[in-house]
Amino acid sequence: MIEIKDLSFGFKENQRILDSINVSVDSGELIAVVGGNGSGKSTFVRHLNGLLLPDEGMVKIWGMDTCVISNLTAIRRKVGMVFQNPLTQFVGATVEEDVAFGLENLAYPASVIRKKTDVSLAELGISHLAGKSPLELSGGQMQLAALAGVLVMEPECVIFDEVTTMLDPFSKQQVLATITRLHEKGKTIIMVTHDLEEVHLAERVIAFEKGRIVYDGKSSLFFDSPAVSNSGISIPPLTELALWLRNNGLKEIDVSNPDVNTLEESIWQLKSRI
Numbered sequence: 244m245i246e247i248k249d250l251s252f253g254f255k256e257n258q259r260i261l262d263s264i265n266v267s268v269d270s271g272e273l274i275a276v277v278g279g280n281g282s283g284k285s286t287f288v289r290h291l292n293g294l295l296l297p298d299e300g301m302v303k304i305w306g307m308d309t310c311v312i313s314n315l316t317a318i319r320r321k322v323g324m325v326f327q328n329p330l331t332q333f334v335g336a337t338v339e340e341d342v343a344f345g346l347e348n349l350a351y352p353a354s355v356i357r358k359k360t361d362v363s364l365a366e367l368g369i370s371h372l373a374g375k376s377p378l379e380l381s382g383g384q385m386q387l388a389a390l391a392g393v394l395v396m397e398p399e400c401v402i403f404d405e406v407t408t409m410l411d412p413f414s415k416q417q418v419l420a421t422i423t424r425l426h427e428k429g430k431t432i433i434m435v436t437h438d439l440e441e442v443h444l445a446e447r448v449i450a451f452e453k454g455r456i457v458y459d460g461k462s463s464l465f466f467d468s469p470a471v472s473n474s475g476i477s478i479p480p481l482t483e484l485a486l487w488l489r490n491n492g493l494k495e496i497d498v499s500n501p502d503v504n505t506l507e508e509s510i511w512q513l514k515s516r517i
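Adding 243 to a residue's 1-based position in the sequence shown gives its number in my numbering.
Here it is, written out as structure tokens:
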């Protein structure tokens, strides 16, 4: 349960990156946070586990105010984060050591650390990578290893900050499938993305533009909203075609997650009406 009221923030005086943000997130939601470069989306999610603190307003995570420093350890156990570049998160010489690091800092018994580490690696299907250096891994494997280090802490919410940006198509699908599985198990997921093709995974979309929220609603309605064009984000080609078909008479077409076969049928329908 995340509650944000009148959040404003700026790295420099008189320059607001976020301006009067009001948002609440319920347990179990899967949310896509989108927006162009410099829109404020990554700055926003860094407030959700206390990496950044508000200049004005309030952020509460499961009732805990992020501005109360004594709350931060508990908040960061509730909300884990995986970054675009997983190398910034690795601290262990091996994957296994890295995953265990957070538990060791909390002084868990060695037997508990071993069990929780093994479970986290197995859940993501990377037990075979336990003894490898993170530097030996592929991009997708690195992201899964970084995620294992987050999941071992058993967070209620996981934030993915543009984690697929630097991945090849296979690794991207591997990571997105993992995100879907976590959501199906009841985790709250907040996924920051530049890639609107990923929006169809989400139930809800929050779109940022110039530090303000310009859309907060169902993902199925997002592509029909003015926020798509105003946010400076490129629309996927299939979605652009679907929107054109809808605007030219095929009102029933689904623009939230179009596929090639459906669009082909729709084009033939449109031609038959001409």
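Where a beta carbon is used, it is the ideal one built from N, C-alpha and C, also for glycine.
For residue j and residue i, the rounded distance between their alpha carbons
i      : j      : result
Leu444 : Val302 : 26 Å
Thr316 : Lys415 : 31 Å
Gly368 : Gln258 : 44 Å
Gln386 : Glu399 : 19 Å
Ser354 : Asp361 : 11 Å
Arg320 : Glu397 : 7 Å
Asp262 : Glu299 : 9 Å
Ile312 : Asn491 : 55 Å
Lys255 : His371 : 46 Å
Met324 : Phe413 : 22 Å
Pro479 : Leu439 : 7 Å
N- and C-terminal bounds of the alpha helix (DSSP H) containing residue i
i      : result
Thr431 : No alpha helix (DSSP H) contains Thr431, which is instead part of the beta strand (DSSP E) from 431-435.
Leu419 : 412-427
Ser354 : 353-366
Arg489 : 480-490
Arg289 : 284-289
Met385 : 382-394
Environment of residue i [buried if 16+ CB atoms lie within 10 Å]
i      : result
Val395 : buried
Asp406 : This sequence places Val at residue 406; Asp is not what is there. Under this definition Val406 is a buried residue.
Ala388 : buried
Ala365 : exposed
Thr423 : exposed
Extent of the continuous beta strand (DSSP E) to which residue i belongs
i      : result
Ala317 : Segment 315-321 is the alpha helix (DSSP H) holding Ala317; no beta strand (DSSP E) there.
Lys248 : 245-252
Asp341 : Premise fails: Asp341 lies in the alpha helix (DSSP H), 338-348, not in any beta strand (DSSP E).
Expected contact under 8 Å - CB spacing of residue i and residue j to nearest Å
i      : j      : result
Ser376 : Thr337 : 6 Å
Pro501 : Thr482 : 6 Å
Leu291 : Ile402 : 6 Å
Val457 : Phe451 : 7 Å
Ile260 : Gly279 : 13 Å between Cβ atoms; not a contact.
Thr594 : Ile318 : Outside the modelled stretch of the chain, which goes from 244 to 517, sits residue 594, for which no answer is possible.
Phe326 : Asp404 : 5 Å
Ile304 : Ile245 : 6 Å
Val268 : Thr505 : Not quite, the Cβ-Cβ distance comes to about 32 Å (not below 8 Å), so this is no contact.
(message) Any contact between the segment 445-464 and the segment 265-275? By contact I mean 3 or more CB pairs, one from each, below 8 Å.
(response) yes
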